[in-house]
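Chains as they are written, first to last, in this note's numbering: chain A, 21 to 313; chain B, 82 to 711. Structure, as structure tokens:
The following block contains the structure:
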């Protein structure tokens, strides 16, 4: 069920990677990430006074010798990480189809889910208005998840903002969230989604997917009636080189403001162009953000 | 917007203008679907909308400068296709002014008493001023007969001068015939006629009827006129009858004043001999008699005026028919009777105010031209036809032989009347059912005449006018004149005499326009109280308006002749007869005017195209704010 871009070589490379969280979260089961939960583990956490009922094997006798008081060592437990992949399902991700933004977003989401599942993390992919997957756990869930993710029946959602907020609110255990979108929406909408994520104490990474038409609109055409896929508004446009330069400037300014807003909210940001090979993006670009290690 | 109306623009093919909205719609549609007209779906347009200029929302149509250029071009091309022309630019224009008495109408309350004729002249002046410099104009008046004041085509300035000569004529309305006559002349490319009557159909072709209305917009107004004045001589006392006709929308009281008039040199002296008041309403006819008048009084003037001012009436809108004149001092028309029978034998002596000169046919044949020089007002040829048509108003009664100008058929009997020209003045007060003819001769009707009475065997009476002379021919015997004994034939005889001599044959006045019998010893002829009317030679005098005409004799002092005018159609202000102009199709040179404006339009199109090229294409991007969509 994997698309062709998921070559065995890429999968092997992905298996070497691990999703990294900048914060520790409580998990529900044993995993590969340091948890906030104190208990058994290999990572020393702290000392505390011995209390009745504590296992005497955890008493640090050296401290007792120096202070004449009983202290026990505490350790950070290692638990699984909850990973939420949120896909932008607004029409702009589907249009134009030749840009394959929706495909690239799904591929990135699948790759990250694959990494997480291979690390025994819990993964959920939410495509608001299109589908909401349950939390998957373990490597065996990869195929089931890919089946849901790469179904041919996906159509744009009707109200991404509302549906995204609902999907995020369903998260019970905070963890890492990856928000994949073209971010070609009003900055307020982006902020609204991000704020809900932050309220859920999620460690958010934003991946902006842009297609060729986003960068160079209308392809080679100068005059056309542009139909906004989200509002249906028709706009007559006529672009010459000067206007294209102006458009490029407007796009870069928009991206800059999105990035500034995300960065100020301690959200990782990375851009993915659909024409860039998936493996290059995952291995080179995404790794630089610190999301993968 | 007066300047716009003065341009007199028009379209030869106005249906082309229907293309304008369609063309405009197409143009707007094309701009709404600008570019290649292809719809391209984009993910989102929020960034495209942030572009500064070349993005135009379909919901807000803000066309570029080029759109207006193209709109202007479209309008010009359609205007060219519709044949935009400037009306009245034709180089040869005939202007006909209706100067009949009805055009002297004024509105009550109009202090300046400006009449319809003044309005017509004012409009005609404006029209002439709007013409191009190379236009030529011929000014006509329609009454008493169609007359060119300009004597041919003149410049606009000269035409304006000629307009000042137009004055009211006391004559029957000749407007329809006048317009038809001018319209039949191909020399006139455009004919504009000013009248108080409405055209039965809108102006068509070259003839344009411009109706002059009162300021209130109404064509009708009220009027009261004196139709007739008659002296009844009694044994000891005389009486004068004043006949009135009312054309009123409301009831109104009229005061009639009768004055006895005497001449004092070139002025008149008058003395009121009676005043009466009468209540008139609607289309009432009434006769007021002033009895017990001094038999010495032989000249009278009757005047009518509103008895009391009424604020609600447009009463008496025509002043020209408010005064009538009567005089039995001067004999009326002298008529030549060419017959084997004397006037007494034929009963013509009963016509008291008409003098007859009896000429036997054999005497007439000795010098036929003499009749033309003897100052007869008319001639009656009884059972005799001269060899040539006399240059005198004439009636041919019961002719018996053919001539070159009149073919007379065999006498027929047992026929029935089939056609009766009721509108002709010779048949006034008569109708087909009352006239019984036993025998008659069929006459061939010449092209210049019209049949009066037709029978199953052919025409038995006709009347016509040629070279300003009137002729009547009857194929049956009319005389002797038997007065009341044979009312029908007597009325017909009186009508014919009145028609030919243009006089009231039984009363003491003549109709305006008639020939005045001037005695040989007359030194001067002039209108009383009007020095300017004095003619160089008494024989040249023509009575053009009502009034007293003084005949100053070297031997017998001054006698007064009376002239009156009344025409029902002119005085009837309640009825407005419509004009029907039958225009002969004449090839017009209006095309020249169209071509003139077509050339103008073509020049404009070229200029607009050049500006479009310069501004929206050539300099696109270089002139800020004028960037086109090229």
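In this text, a Cβ means the ideal position worked out from N, Cα and C, and glycines have one as well.
Exercise for the section: Would you mind telling me which residues of chain B sit closer than 8 Å to residue 206(A), beta carbon to beta carbon, in chain order? Expected result: Within the first chain, residue 206(A) is the residue found at index 186, counting from 1. In chain order: 127.
Exercise for the section: Report yes if the C-beta distance between residue 657(B) and residue 279(B) is below 8 Å; otherwise report no. Expected result: Within the second chain, the letter at position 576 stands for residue 657(B). Within the second chain, the letter at position 198 stands for residue 279(B). In contact: residue 657(B) and residue 279(B) (Cβ atoms closer than 8 Å).
Handout entry: 8 Å Cβ cutoff, residue 107(B) in contact with chain A
Key = Translated into the one-based positions of the second chain, residue 107(B) becomes position 26. Answer no: the Cβ-Cβ gap between residue 107(B) and chain A never drops below 8 Å.
Exercise for the section: Measure the CB-CB distance between residue 374(B) and residue 321(B) and report whether it falls below 8 Å. Expected result: Taking the first residue of the second chain as 1, we reach residue 374(B) at position 293. Taking the first residue of the second chain as 1, we reach residue 321(B) at position 240. Closer than 8 Å, so yes.
Problem - residue 215(A), enclosing alpha helix (DSSP H) - first and last residue - result: Residue numbering aside, residue 215(A) sits at position 195 when the first chain is read from its first letter. Start and end: 207-219.
Problem - Proximity below 8 Å, CB of residue 198(A) to CB of residue 278(A) - result: By one-based count along the first chain, residue 198(A) stands at place 178. By one-based count along the first chain, residue 278(A) stands at place 258. No, the Cβ-Cβ distance between residue 198(A) and residue 278(A) is not below 8 Å.
Exercise for the section: Name, going along the chain, the residues of the stretch 246-260 of chain A whose beta-carbon falls closer than 9 Å to a beta-carbon of chain B. Expected result: 246, 247, 248, 249, 250, 251, 253, 254, 255, 256, 257, 258, 259 and 260
Handout entry: Contact with chain A by residue 161(B), beta-carbon distance below 8 Å
Key = For the purposes of this step, residue 161(B) is identified with residue 80 of the second chain, where counting begins at 1. With 8 Å as the cut-off, residue 161(B) does not count as an interface residue toward chain A.
Exercise for the section: Flag this pair as touching only if the stretch 176-187 of chain B and the stretch 246-253 of chain B have three or more C-beta atom pairs under 8 Å; answer yes or no. Expected result: yes
Problem - Nearest neighbour of residue 293(B), chosen from 273(B), 360(B), 311(B) and 309(B) [CA to CA] - result: As a working mapping, residue 293(B) is identified with position 212 in the second chain. Ranking the options by Cα distance to residue 293(B), first place goes to 273(B).
Practice task
State the Cα-Cα distance for the pair residue 579(B) and residue 432(B), rounded to the nearest angstrom.
Solution key: Against the second chain, residue 579(B) aligns to sequence position 498. Against the second chain, residue 432(B) aligns to sequence position 351. The straight-line gap from Cα to Cα measures roughly 11 Å.
Exercise for the section: Quick one: give me the first and last residue of the beta strand (DSSP E) that residue 183(A) is part of. Expected result: Indexing the first chain from 1 puts residue 183(A) at position 163. No beta strand (DSSP E) contains residue 183(A), which is instead part of the alpha helix (DSSP H) from 180-189.
Exercise for the section: For my contact list, residue 229(A) and residue 294(A) are in at a C-beta cut-off of 8 Å; report their separation, rounded to the angstrom. Expected result: As a first step, residue 229(A) must be located in the first chain, where it is residue number 209. As a first step, residue 294(A) must be located in the first chain, where it is residue number 274. About 7 Å separates the two Cβ atoms, so the contact holds.
Practice task
Assign residue 264(B) to buried or exposed, taking buried as 16 or more other Cβ atoms, counted over all protein chains shown, within 10 Å of its Cβ.
Solution key: On the second chain, residue 264(B) is found 183 positions in, with the first residue counted as 1. The residue is buried, with at least 16 neighbouring Cβ atoms inside 10 Å.
Problem - Close beta carbons around residue 367(B), own chain, < 6 Å, minus the five adjacent residues each side - result: In the second chain, the residue the question calls residue 367(B) occupies position 286. The answer, listed in chain order, is 325 and 359.
Handout entry: Neighbourhood of residue 101(B) by C-beta distance below 8 Å, restricted to the same chain and skipping five residues each side
Key = Taking the second chain and counting its residues from 1, the one referred to as residue 101(B) is at position 20. Excluding sequence neighbours, residue 101(B) sits near 155, 156 and 159.
Exercise for the section: With 9 Å as the C-beta to C-beta threshold (strictly closer), list the residues of the stretch 213-242 of chain A near chain B in chain order. Expected result: 231, 233, 234, 237, 238, 239, 241 and 242
Practice task
Identify, in the order they occur along the chain, each residue of the same chain with its Cβ nearer than 7 Å to the Cβ of residue 206(B), setting aside the five sequence neighbours on each side.
Solution key: Here the question's residue 206(B) lines up with position 125 in the second chain. Excluding positions up to five away in sequence, the list reads 241 and 244.
Exercise for the section: Determine the direct distance from the alpha carbon of residue 576(B) to that of residue 546(B), and round the result to whole angstroms. Expected result: For the purposes of this step, residue 546(B) is taken as the residue at position 465 of the second chain. For the purposes of this step, residue 576(B) is taken as the residue at position 495 of the second chain. If I take the Cα positions, the gap works out to 16 Å.
Exercise for the section: Go ahead and pull the three-state DSSP assignment for residue 262(B). Expected result: Reading the second chain from its first residue, position 181 is the one you call residue 262(B). Note: residue 262(B) maps to helix in three-state DSSP.
Practice task
Just the C-alpha distance for residue 300(B) and residue 654(B), rounded to the nearest angstrom, thanks.
Solution key: Position 219 of the second chain, counted from the start, is the residue given in the question as residue 300(B). Position 573 of the second chain, counted from the start, is the residue given in the question as residue 654(B). Model confidence at residue 300(B) stands at a pLDDT of 49, short of 50, so the residue's coordinates are unreliable; what they give is reported in the following sentence. Cα to Cα, the separation comes out at about 8 Å.
Exercise for the section: Mind checking which residues open and close the beta strand (DSSP E) that includes residue 292(A)? Expected result: Reading the first chain from its first residue, position 272 is the one you call residue 292(A). Its beta strand (DSSP E) spans residues 288-293.
Practice task
Could you work out which residues of chain A lie near residue 131(B), taking near to mean beta carbons separated by less than 7 Å?
Solution key: One-based indexing of the second chain puts residue 131(B) at position 50. Going along chain A in sequence order, the residues near residue 131(B) (Cβ under 7 Å) are 270.
Problem - residue 70(A) and residue 92(A) closer than 8 Å at C-beta - result: Mapped onto the first chain, residue 70(A) falls at position 50. Mapped onto the first chain, residue 92(A) falls at position 72. Contact flag set, yes.
Practice task
Give the DSSP-derived three-state secondary structure of residue 529(B) in the structure shown.
Solution key: Taking the first residue of the second chain as position 1, residue 529(B) is located at position 448. It is coil, neither helix nor strand.
Exercise for the section: Using a Cβ cut-off of 8 Å (strictly closer), state whether residue 148(A) contacts chain B. Expected result: Here residue 148(A) refers to the residue found at position 128 of the first chain. Closer than 8 Å: no.
Exercise for the section: Round the Cβ separation of residue 138(A) and residue 159(A) to the nearest angstrom and send it over; I've been treating them as touching at under 8 Å. Expected result: Numbered from 1 along the first chain, position 118 holds the residue referred to as residue 138(A). Numbered from 1 along the first chain, position 139 holds the residue referred to as residue 159(A). Correct: roughly 6 Å between the Cβ atoms.
Exercise for the section: May I have the straight-line CA-CA distance separating residue 505(B) from residue 473(B), to the nearest angstrom? Expected result: The residue you call residue 505(B) lines up with position 424 of the second chain. The residue you call residue 473(B) lines up with position 392 of the second chain. The alpha-carbon atoms of residue 505(B) and residue 473(B) are separated by roughly 20 Å.
Exercise for the section: Measure from the C-beta of residue 202(A) to each C-beta in chain B and report whether the shortest distance is under 8 Å. Expected result: Stepping through the first chain from its first residue, residue 202(A) is reached at position 182. Yes - at least one Cβ of chain B is within 8 Å of the one on residue 202(A).
Practice task
Could you check which residue in 149(B), 108(B), 127(B) and 133(B) has the C-alpha nearest to that of residue 692(B)?
Solution key: Position 611 of the second chain, counting from 1, holds the residue named residue 692(B). Taking only the C-alpha atoms, the option nearest residue 692(B) is 149(B).
Handout entry: Unbroken alpha helix (DSSP H) run spanning residue 407(B), endpoints
Key = Taking the first residue of the second chain as position 1, residue 407(B) is located at position 326. No alpha helix (DSSP H) contains residue 407(B), which is instead part of the beta strand (DSSP E) from 404-408.
Practice task
Measure the alpha-carbon distance for residue 626(B) versus residue 646(B) and round it to whole angstroms.
Solution key: On the second chain, position 545 is the one that residue 626(B) refers to. On the second chain, position 565 is the one that residue 646(B) refers to. Answer to the nearest angstrom: the Cα atoms are 7 Å apart.
Handout entry: Close beta carbons around residue 112(B), own chain, < 6 Å, minus the five adjacent residues each side
Key = Counted from its first residue, the second chain places residue 112(B) at position 31. Cβ within range, chain order: 144 and 148.
Exercise for the section: Compare the C-alpha of residue 255(B) against each of 92(B), 686(B), 650(B) and 678(B) and name the closest. Expected result: Position 174 of the second chain, counted from the start, is the residue given in the question as residue 255(B). Residue 650(B) is the option with its Cα nearest to residue 255(B).
Practice task
Tell me where the alpha helix (DSSP H) around residue 129(A) begins and ends.
Solution key: As a position in the first chain, residue 129(A) is number 109, starting the count at 1. From DSSP, the alpha helix (DSSP H) with residue 129(A) extends over 121-138.
Exercise for the section: Check each candidate in 212(B), 196(B) and 164(B) and name the one with the smallest Cα separation from residue 174(B). Expected result: Within the second chain, residue 174(B) is the residue found at index 93, counting from 1. Ranking 212(B), 196(B) and 164(B) by Cα distance to residue 174(B) puts 212(B) first.
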